[in-house]
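What follows is a set of notes on a single structure, which appears directly below.
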Amino acid sequence: MGRGDDHHPRLILPRRALFQGAGMATLAAAWQPTRAAVPEGPPKGQIIVGLSQEPTRFHPLRAHIEVDDGVHLNLFSALWRISPDGTFVPDLATEVPSIANGGISRDGLTWRVKLRSDVTWHDGAPFSAEDVKFTLDLIRNPNFPAMSRSGHNMVQDIKVLSPTELTWTMEQVYAPYFAILAWTQIVPKHVPGAAAEGQDVSFNNLPIGTGPFKWGERRPGDYVSLVANEKFYGDGPHVARLVFKYIPDMTGLKTQFVTGAIDVLGIAGITPDNLDEVKAVPGLKLYAAPSGYLTSFMFNNGLPVFQDPAVREALYLSMDKDAILNDIFYGNDIPTESYLPQQSWAYDPNLPKHVFDVAKANALLDQAGWKHGSDGIRKKNGVRLSFDCSTVAGNHLREQTQQFLQQGWQKIGAELSIKNYPAAVVWGDFWRKSQFQSTIVGAIFSIGSDPDASDRLGSWNIPVKTGTGSNTMQYANLEVDRLLHESVATLDQEKRRQNYWRVQELVRKDLPFLPIAQQKSTEGTKVKVQGYQPNINYRSNCWNARDWKWSA
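For the sequence shown, position 327 (counting from the first letter as 1) is numbered 327 according to our numbering, and the numbering increases by one without interruption.
Encoded structure:
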């Protein structure tokens with residue numbers, strides 16, 4: 001989505017072993033954050049993270065885009081985190097609940113979560129189980145504009161047993177809920193603005209969390225700065241200040257990285273056409289890894305022009321995908337027909353491969369009754385085959401892709417008009433309320449380490465209709481809905497895999513978006529920045545900035 005424009009190893013489902021008696025300690029031991037060998041003294045220095053889009057939403061439970069995540073992950077904390085290899089590591093919780101440790105009932109429906117007793121909010125108030133209950137209740141409140149209620153809407157009968165323990169029951173087993181909770185930042189009950197249902201922006205303007213950094217200041221159009229939380233309950237932070245610098249032009253972003261004005265090049269990374277130049281610069285370190293992002297040409301399927309499947313198929317047939325990938329994106333990304341990354345256990349490698357065939361596209365439109373008008377643009381039942389495409393201004397490779405498609409689609413009588421805007425405009429109500437006609441976007445469909453894509457594909461998650469979810473393309477397919485509901489209600493991984501293969505088949509047939517490529521992200525840091533680690537299970541590689549520090 002917002003990244004509308006990133007990461008590494010394979011995606012792993014929350015282990016079935018969690019419900020079969022295996023504890024979480026072994027899994028948590030598979031990864032541990034960088035720890036200082038000796039006390040290092042107070043945090044010192046600052047790290048500047050360069051972003052091509054501006055973070056604007058600082059309430060972590062409200063609808064937001066990927067660049068906002070970097071801020072959220074450092075201001076707030078979740079019950080547990082996801083390591084790069086997909087395992088869950090306790091954060092606010094003292095352990096990840098399982099059958100073995102008594103945190104999950106044998107039927108998988110009753111949860112008991114134990115919390116740390118040494119956590120305080122940034123304003124000094126103590127953190128407790130009441131805050132966790134408040135957070136879950138808030139997300140479930142239909143009047144609150146939550147990012148997503150998927151999974152949370154299965155929670156019922158939340159009871160606080162003590163300041164460090166609470167329980168709840170699930171209406172049914174919900175397999176992705178571990179991953180969802182790892183993405184759910186806990187907000188404070190005692191701060192009134194956190195629960196605002198309307199236009200109250202007080203909490204967004206001055207967010208209070210339990211994370212490794214506290215709110216510093218924001219200069220709109222320029223940067224957001226965070227300062228070290230020296231009372232943080234965990235290891236770190238090691239730097240006194242973390243700055244998210246907004247540089248709207250991709251070339252300008254690269255230039256500031258090369259010249260040393262920024263220390264970490266975050267979401268969007270280094271575009272393929274600039275890689276050779278950046279590699280030659282001493283003092284920089286690059287991190288190249290497959291990401292969970294799918295680059296696609298996304299339709300607003302609620303518009304009449306896109307409701308004819310012949311139109312969507314003809315546009316895909318007449319898209320010279322190889323030229324886009326090789327000539328514009330320098331062969332950097334991974335061609336795909338699926339919305340899931342190829343590292344996922346649920347990825348279907350057998351989907352029909354794209355074929356570039358302009359003649360077949362024209363024949364398909366002829367058969368569907370789309371007739372050429374006097375201006376060369378096709379028309380059917382009063383609807384012209386004409387539409388706008390919008391993406392973030394300054395993303396030059398996507399702008400080149402728009403221009404390429406504009407020219408190519410003229411050959412089938414389709415008219416594409418380019419209307420680009422700043423990121424804050426594109427990913428605001430324009431995106432959220434499905435005001436766009438089409439867009440070139442990079443989006444993650446799965447949830448952390450789980451392949452469930454209900455939030456983007458379920459018809460109940462069309463925000464312009466239901467007020468929640470991320471299905472802004474307004475895709476609706478009853479069989480897809482059924483399969484998504486069925487898949488989250490079982491812990492049988494093979495059954496889930498079969499269902500998700502079928503979902504991928506249906507989506508590939510329906511083409512609510514035209515899949516282009518799984519993105520390979522190349523982000524970078526100065527050589528002396530230590531602790532940076534790509535993680536395919538998060539939307540931002542600032543997930544562990546608490547571990548970052550400067551080498552001597």
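Note that the Cβ used here is the ideal one computed from N, Cα and C, for glycine as well.
Note that the structure is predicted; figures quoted are calculated from it, not measured.
Terminal residues of the alpha helix (DSSP H) in which residue i lies
i, result
"Q519", "Premise fails: Q519 lies in the beta strand (DSSP E), 513-526, not in any alpha helix (DSSP H)."
"K465", "463-466"
"K133", "129-140"
"S454", "454-457"
"K360", "358-367"
"A423", "423-426"
"W431", "429-432"
Local conformation of residue i per DSSP, three classes
i, result
"Q406", "helix"
"T94", "coil"
"W121", "coil"
"A78", "coil"
"Q156", "strand"
"W501", "helix"
"F306", "helix"
"Y532", "coil"
"Q400", "helix"
"L385", "coil"
"L181", "helix"
"E415", "strand"
"S162", "strand"
"S540", "coil"
"R149", "coil"
"Q322", "Gln is not the amino acid found at residue 322; the sequence shown has Asp there. Note: D322 maps to helix in three-state DSSP."
"H485", "helix"
Among the options, nearest to residue i - alpha-carbon criterion
i, options, result
"D450", "V71, G86, Q53, F58", "G86"
"P192", "H354, K549, H59", "H59"
"R502", "D131, P352, Q437", "P352"
"Q406", "L385, V425, I180, N395", "L385"
"T336", "I158, R219, V507, S470", "V507"
"E230", "P163, N395, D249, L75", "L75"
"Y532", "A78, D452, H238", "H238"
"G266", "K549, D137, G50, R112", "G50"
"Y330", "Q367, R140, S338, I270", "I270"
"N249", "D68, L397, Q493, N471", "According to the sequence displayed, residue 249 carries Asp and not Asn. With distances taken between Cα atoms, D249 lies closest to L397."
"N204", "R218, G211, A182", "R218"
"I139", "F257, G469, L253", "G469"
"R62", "L457, L511, R432, T210", "R432"
"A368", "G283, G376, K380", "K380"
"F297", "P55, G41, P84, S438", "S438"
"S148", "A179, P212, G467", "G467"
"V201", "N477, P145, V89", "P145"
"H190", "S128, D366, K159", "S128"
"V358", "C389, D320, D388", "D320"
Burial state of residue i (16 or more Cβ within 10 Å)
i, result
"N537", "buried"
"I418", "exposed"
"V106", "The sequence as given places Arg at residue 106; Val does not occur at that position. With fewer than 16 other Cβ atoms within 10 Å, it is exposed."
"P349", "exposed"
"G448", "buried"
"S374", "exposed"
"A414", "buried"
"Q402", "buried"
"E523", "buried"
"G21", "Any reading at G21 must be qualified, since the residue scores a pLDDT of 31, below 50, and its modelled position is unreliable; no value is offered."
"L226", "buried"
"R35", "Because R35 carries a pLDDT of 43, less than 50, the predicted location of this residue cannot be relied on, and the following value inherits that uncertainty. The residue in question, R35, is exposed, as its Cβ has fewer than 16 Cβ neighbours within 10 Å."
"N471", "buried"
"V71", "buried"
"P207", "buried"
"V355", "exposed"
"T135", "buried"
"T259", "exposed"
"S150", "buried"
"Q307", "exposed"
"K509", "exposed"
Element boundaries [beta strand (DSSP E), containing residue i]
i, result
"E165", "165-170"
"R241", "241-246"
"V49", "46-51"
"Y287", "284-299"
"S438", "438-443"
"V113", "110-114"
"R378", "378-380"
Residue i: CB within 7 Å of a non-hydrogen atom of the ligand MN
i, result
"N535", "Absence of the ligand MN is noted for the structure shown, with no ligands found whatsoever."
- Please list the segments of the alpha helix (DSSP H) lying wholly inside the segment 198-282, counting only runs of 4 or more residues, in order along the chain. Within the segment 198-282, the runs of alpha helix (DSSP H) that reach at least 4 residues and sit entirely inside it are, in chain order, 202-205, 250-258, 275-279.
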